[in-house]
Amino acid sequence: MLIHGSGADFLILLIYVLTFSFAGALVCFLLFHAVLISTGQTTVDFWGNLRRRQIARANNKPDPENPFDLGARQNWEQVFGRMHWSLALLPSFREAPWPPYATREDIEFNRVEYCSGKKV
Numbered sequence: 003m004l005i006h007g008s009g010a011d012f013l014i015l016l017i018y019v020l021t022f023s024f025a026g027a028l029v030c031f032l033l034f035h036a037v038l039i040s041t042g043q044t045t046v047d048f049w050g051n052l053r054r055r056q057i058a059r060a061n062n063k064p065d066p067e068n069p070f071d072l073g074a075r076q077n078w079e080q081v082f083g084r085m086h087w088s089l090a091l092l093p094s095f096r097e098a099p100w101p102p103y104a105t106r107e108d109i110e111f112n113r114v115e116y117c118s119g120k121k122v
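Just so you know, this note's numbering puts the end of the sequence shown at 122, numbered straight through with nothing missing.
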């Protein structure tokens, strides 16, 4: 049974507005976390680094580097492992490669092997 009238039209409009608002918020959430993974940061690191960059720019100094940024590809591999992207969406029971995460210097100076997590 279909309901017609101004009340039903309003409800349908409300459902569309809420659905697209929620979808927009989820897309923003997804993009923000993709940026966090690509730059090797947590949300706390992001806001702290943002503040440090603002202070450095105000004092005409170079932007501080994030020691956990290994490059976008290696950052994604560090989070999801070396597997096909579709498999990364499935639940995983693998152990983290190295807690705490290795920094760029750890890998450059061979203090830890990349993606194995074993100390050298």
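Even for Gly, the Cβ is constructed at its ideal location relative to N, Cα and C.
Bear in mind that the values here come from a model prediction, so they are computed numbers and not experimental data.
- Scanning 75, 97 and 95 for the CA closest to the CA of residue 87 turns up 75.
- For residue 105, there is no enclosing alpha helix (DSSP H), as DSSP gives it neither H nor E.
- Classified as exposed, residue 11 has fewer than 16 neighbouring CB atoms from the shown chains inside 10 Å of its CB.
- Annotation: residue 56 to residue 45 spans about 17 Å, alpha carbon to alpha carbon.
- Taking the CA atoms as reference points, residue 38 sits about 11 Å from residue 49.
- Where residue 68 is concerned, there is no enclosing alpha helix (DSSP H), because DSSP gives it neither an H nor an E.
- Its chain contains no residue whose beta carbon lies nearer than 6 Å to that of residue 59 once the 5 sequence neighbours on both sides are disregarded.
- Considering only 61, 21 and 41, the residue with the shortest C-alpha distance to residue 81 is 41.
- Between residue 54 and residue 66, the beta carbon gap of about 5 Å places them in contact (Cβ cut-off 8 Å).
- With fewer than 16 other beta carbons inside 10 angstroms of its own, residue 62 counts as exposed.
- In this chain, the alpha helix (DSSP H) harbouring residue 76 covers 74-82.
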